[in-house]
Amino acid sequence: MSTSLPRTRGLLLSLALGTACLAAHAQVSVKDAWVRATVAQQKSTGAFMQLSSAKAVRLVAVSSPVAGIAEVHEMKMDGGVMKMRAVEALDLAAGQPVELRPGSFHVMLMELKSPIKDGDSVPLSLVFEGADKKRETVEVKASARGMGMMQGGMGHKHGATSASAPAAEEHKH
């Protein structure tokens, strides 16, 4: 019996350390990811979603195989003129959801390799960085929506559920 006690303690210590490592992980989640469908010859579009994290992190990079360039952008009124600009990073406070939506923060997909059709699944890789400078990549599949299916900024309450607003598929790494 005395030899099993040190093994049990070692196992408990390993479990405790593993749990601490998981707790230290950013635990970023992505909900309701969608991309605006495009028309022929259109070379850019926006991606929208709700981000949240158990710990304070920053969205520092985004990429997609459908676009040559992917950036986080901010749209805001400046002297009565709507302006859009790329941002270096987007802060997420612990436990506070951040909504990427039309007319505000969003992911800009530029130099599209082909049109994005209504119903397409668009892969996105979001890179988050914690205060400790460790990075986490979250893989997302966003549904493409045509003009008649968009929510948020189009007269509908964002986050409302309907058959035309499929939830995003999310994969954590």
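Heads up: the sequence shown runs through residues -26 to -1, 1 to 147, numbered per mature numbering (1 follows the signal peptide of the UniProt record, and there is no 0).
All C-beta atoms in this analysis are idealised placements derived from N, C-alpha and C, irrespective of residue type, glycine included.
Rounded C-alpha distance that separates F102 from K87: In the sequence shown, the residue the question calls residue 102 occupies position 128. In the sequence shown, the residue the question calls residue 87 occupies position 113. Cα-Cα distance, rounded: 25 angstroms.
Option nearest P39 by Cα separation, candidates G69, L100, G104 and K108: As a position in the sequence shown, residue 39 is number 65, starting the count at 1. Answer by Cα proximity: L100.
Residue 168 and M82 closer than 8 angstroms at C-beta: The requested residue 168 does not occur in the structure, where the chain is confined to residues -26 to 147.
Inter-residue Cα distance where the pair is K5 and R32: Your numbering for residue 5 matches position 31 in the sequence shown. Your numbering for residue 32 matches position 58 in the sequence shown. Rounded to the nearest whole angstrom, the C-alpha separation of K5 and R32 is 17 angstroms.
Neighbourhood of D65 by C-beta distance below 6 angstroms, restricted to the same chain and skipping five residues each side: The residue you call residue 65 lines up with position 91 of the sequence shown. Within its own chain, the residues whose Cβ lies closer than 6 angstroms to the Cβ of D65, once the five positions on either side in sequence are excluded, are R32, listed in chain order.
Chain-order list of residues whose beta-carbon lies under 8 angstroms from that of K57 (same chain, five-residue window excluded): Numbered from its first residue, the sequence shown carries residue 57 at position 83. Excluding sequence neighbours, K57 sits near M49, K50 and M51.
Buried or exposed by the 16-neighbour rule on C-beta atoms within 10 Å, applied to V112: As a working mapping, residue 112 is identified with position 138 in the sequence shown. V112 is classed as buried because its beta carbon has at least 16 other beta carbons within 10 Å across all chains shown.
Length of the line joining the Cα atoms of V2 and S27: In the sequence shown, residue 2 corresponds to position 28, counting from 1. In the sequence shown, residue 27 corresponds to position 53, counting from 1. Taking C-alpha positions only, V2 is separated from S27 by approximately 4 angstroms.
Rounded straight-line distance, which links the Cα of H47 to that of G60: What you label residue 60 is simply residue 86 of the sequence shown in a count that begins at 1. What you label residue 47 is simply residue 73 of the sequence shown in a count that begins at 1. It should be pointed out that residue 60 corresponds to Ala in this sequence rather than to Gly. In this structure, the straight-line span from the alpha carbon of A60 to that of H47 is close to 4 angstroms.
Cutoff 6 angstroms; reference R109; Cβ partners in own chain excluding five residues on either side: For this step, residue 109 is matched to residue 135 along the sequence shown. Correct list, in chain order: V101 and E103.
Inter-residue spacing [alpha-carbon to alpha-carbon] between A41 and G69: Along the sequence shown, one-based indexing puts residue 41 at 67. Along the sequence shown, one-based indexing puts residue 69 at 95. G69 has its alpha-carbon roughly 31 angstroms from the corresponding atom of A41.
I90 beta carbon near the ligand ZN (any heavy atom closer than 7 angstroms): The ligand ZN is not part of the structure shown, which contains no ligands of any sort.
A7 versus G53, V34 and L74, residue with shortest Cα-Cα distance: Numbered from its first residue, the sequence shown carries residue 7 at position 33. Measuring from the Cα of A7, the nearest candidate turns out to be L74.
Bridge partners - I43, DSSP secondary structure assignment: Residue 43 sits at position 69 when you count from the first residue of the sequence shown. Answer is M84, bridged to I43.
Cut-off 7 angstroms between Cβ atoms - residues of its own chain near K91, not counting five sequence neighbours on either side: Against the sequence shown, residue 91 aligns to sequence position 117. Taken in chain order, the residues that qualify are A11 and A118.
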